[in-house]
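Here my numbering runs 69 ahead of the position in the sequence shown, where the first position is 1.
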Amino acid sequence: MNLTKNRTVAIGAVLAMCMTAFAGMCLVTDESDAANATPGSTVSFTWYNFEGDDVITATESLRVNTIFGWEVHLNPVHSGSTTYFTIPNYVANGTYTYVQSLFNEEAGEEMDYKAQTLTVTGQKGTSASNYYQGNIVTSSSVGAYQNKTIEVWVKADCHVDFDVLQWNRENRDILTVTPYAGLEISTVNSYTKQVSGTLIGDCTVTAMTWDNGSYDTLKYVFHVVGAHPNGTAEQPLTSLSRDADDIIDKTYYVAVGSYVELRTVADAGGFDEFWYQITGVTPGFGLTYDSSANPNGGFVGGVVSGTISKPGTITISGDYLNGSLEGDLNCRIIAVGDPVTVDHTVTYAANGGTGTTASTVVTDENDGNSNVTLAQCGFTKTGYSFVGWKIGNTVYQPGQKVSVGANATVTATAQWSQNTLSVSANNISGVSGQAYSNQIGASANNGGTVSYAVKSCTGGTATVNSNGLVTYTAPHVSSTTSFTVTVTVTGTFAQGGNLTRDVSFTVTVDPVLSFTNAATSGTLSVKGA
């Protein structure tokens, strides 16, 4: 009889058929048929030499679970009476069964079988010190119906490529990935989307499927371990120095506050051989473009340099030509971290005054100019009033804003005006016993107010009101007499103290003429008439 051995890899349907057949018979194993393995090792089993005719098929199957939640079929390698399996790094802990069976396809029945067990321990990806290194790829589609979270620690630069079922019932299905972690989402067809890319930072993939009024959720949490040459979101570069020919189609993760320098390069002989030129950079992140900085003087490209000031995406513009190769640089920098804050400071100079005025500091993320509000004056100068802050050739008032550069300091110098008080009064004359008014003239500069008080009066009585109007009542005199009224004027100032001035005026008082028992005839002479 012509005996053949068909050692084909069983597909899932054949395995299911085999297992159904096993249910009706006793599957016999013994301890000698058991094997132990760890991820990355090779394990061996006995290869049983089934004999049969051309309608009899020998099949074998070893299916294992992965740390990513899907099943895979391991391919055997046969040598003599031994079957070898290499256990991939992604195999999960568990006990699995390697099944060999002899199946009569014409009769539709199992004829013979052997089962050997495999126990895997020491699975990878359980912690940062026991990370998985390799790719995350499956040809099968995964679905959110699993309702579980799978958490794996993987090595940086791990390639990912798997499909996710998105039935999108009621347009409610959701698929998201952590931004800037290296993975992207694309559409395969109306019910399938692809997650692919290279992991360069911690990433969570969340698939949510709406079914029967609620969501089923599958979540992959990938913790990325180790440094990536271009940096990662979790471990960004702390400096970046590259020539333009080394940044084509590159994405760099760089920490905020790090220094960056990217340089145009070209053939020293000119344009004919090659060039990789940088022509610009996204503004507002602390990086500047200098066309004159290129060492190949005269070439169009230049240098981008500076310290990154805030998080965000920075695009480096430019192009290249090298023989038949040409294109755009397509370089971007993902700035990671808290914004760099800068100070815009105004200090204050007393200019002969005493006391203190604290500096005004505006702290923000603006690496250009920011407005700073000038403080109230805390200085004083005896006999003077503050009239403003002088910056350059301009005098500003407290509360006004001035423009100050990043990490720059501007000095505002106090300006003073001497306090003055001017007073005046006119002399008056009158007659005994009569009342008279006399206005005191007074003025104070720098917003000062004036008040009045009678200091002295050598004869008669004098009062003064709040407006400086003196009311004088003359005494009775028998002959012309002069009296002096002195008024103290006080100038009150908000700054610099008060001023006082005395002002005096003279009152000439004449007597009142009286006639008693005078002759009925004759001449009356009045002195001075």
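The C-beta atom is built at its ideal place from N, Cα and C for all residues, glycine as well. The structure displayed is predicted, hence computed values, not measured ones.
For Phe-552, the enclosing beta strand (DSSP E) begins and ends at 550-561. With 16 or more other Cβ atoms inside 10 Å of its own Cβ, Asp-242 counts as buried.
Look at Asp-181 here: in three-state DSSP terms it is strand.
Gly-565 places its beta carbon 9 Å or farther from that of Asn-534. Just measuring C-alpha positions, the residue of Glu-303, Asn-496, Gly-138 and His-147 sitting nearest Val-206 is Gly-138. Between the segment 377-389 and the segment 255-267, the count of C-beta pairs closer than 8 Å stays below three; the two stretches do not touch. A residue is called buried once 16 or more other Cβ atoms fall within 10 Å of its Cβ, and Glu-239, having fewer, is exposed. Take Val-325, set aside five residues on each side of it, and the residues of its chain with a beta-carbon closer than 8 Å to its own are Ile-377, Ser-378, Lys-379, Pro-380, Ala-404, Val-405, Gly-406, Asp-407, Pro-408 and Val-409, in chain order.
By the neighbour-count criterion, in which a residue is buried when 16 or more other Cβ atoms sit within 10 angstroms of its Cβ, Asn-507 is buried. Within the segment 477-552, the complete beta strand (DSSP E) segments at least 3 residues long are 477-487, 490-493, 497-500, 504-508, 510-513, 518-526, 530-533 and 538-542, listed from N- to C-terminus. Across the set Gly-371, Ser-439 and Trp-344, the C-alpha of Trp-344 shows the shortest separation from the C-alpha of Ser-393. Non-local C-beta neighbours of Asn-496 in its own chain, meaning closer than 6 Å and more than five positions away in sequence, comprise Phe-574 and Thr-575, ordered along the chain.
Per DSSP, the beta bridge partners of Arg-401 are Thr-320 and Thr-384. Ser-360 is positioned such that its CB atom lies no closer than 9 Å to that of Tyr-328.
Between the alpha carbons of Thr-426 and Ile-460 lies a distance of about 16 Å.
Ser-439 carries a strand assignment under DSSP once its states are collapsed to helix, strand and coil. Shown here, Asn-391 sits in a strand according to DSSP, grouped into three states.
Nearest C-alpha to Tyr-153 among Tyr-167, Arg-570, Gly-163 and Thr-261: Tyr-167.
Within the same chain, and ignoring the five residues on either side of Asp-230 in sequence, the residues whose Cβ sits closer than 6 Å to its Cβ are Val-206 and Ser-265. The bridge partners DSSP lists for Phe-574 are Val-554.
Relative to Lys-217, the option among Tyr-165, Gln-169, Val-141 and Asp-285 whose CA is nearest is Asp-285. Counting the other CB atoms within 10 Å of its CB gives Val-146 a total below 16, which places it among the exposed residues. Beta-bridge pairing by DSSP links Gln-445 to no other residue. For Tyr-214, the secondary structure class from DSSP, reduced to helix, strand or coil, is helix. By DSSP's assignment, Phe-291 forms a beta bridge with Val-221 and Cys-272. The C-alpha of Ser-113 is placed about 41 Å away from the C-alpha of Thr-247.
DSSP places Glu-253 in the uninterrupted beta strand (DSSP E) bounded by 252-258. DSSP places Leu-244 inside the beta strand (DSSP E), whose first and last residues are 243-246. With respect to the C-alpha of Gly-499, the residue from Tyr-541, Tyr-453 and Leu-252 having the closest C-alpha is Tyr-541.
The shortest C-alpha to C-alpha distance from Thr-333 to any of Ala-313, Asp-318 and Gly-355 is the one to Ala-313. In the structure shown, Asn-199 adopts extended strand secondary structure according to DSSP, grouped into three states. If you compare the alpha carbons of Thr-135, Ala-250 and Ile-347 with that of Ala-302, the shortest gap goes to Ala-250.
Annotated three-state conformation of Asp-232 is strand, per DSSP.
Under the DSSP definition of a beta bridge, Tyr-465 partners with Trp-458.
The beta-bridge partner set that DSSP reports for Ser-148 consists of Thr-151.
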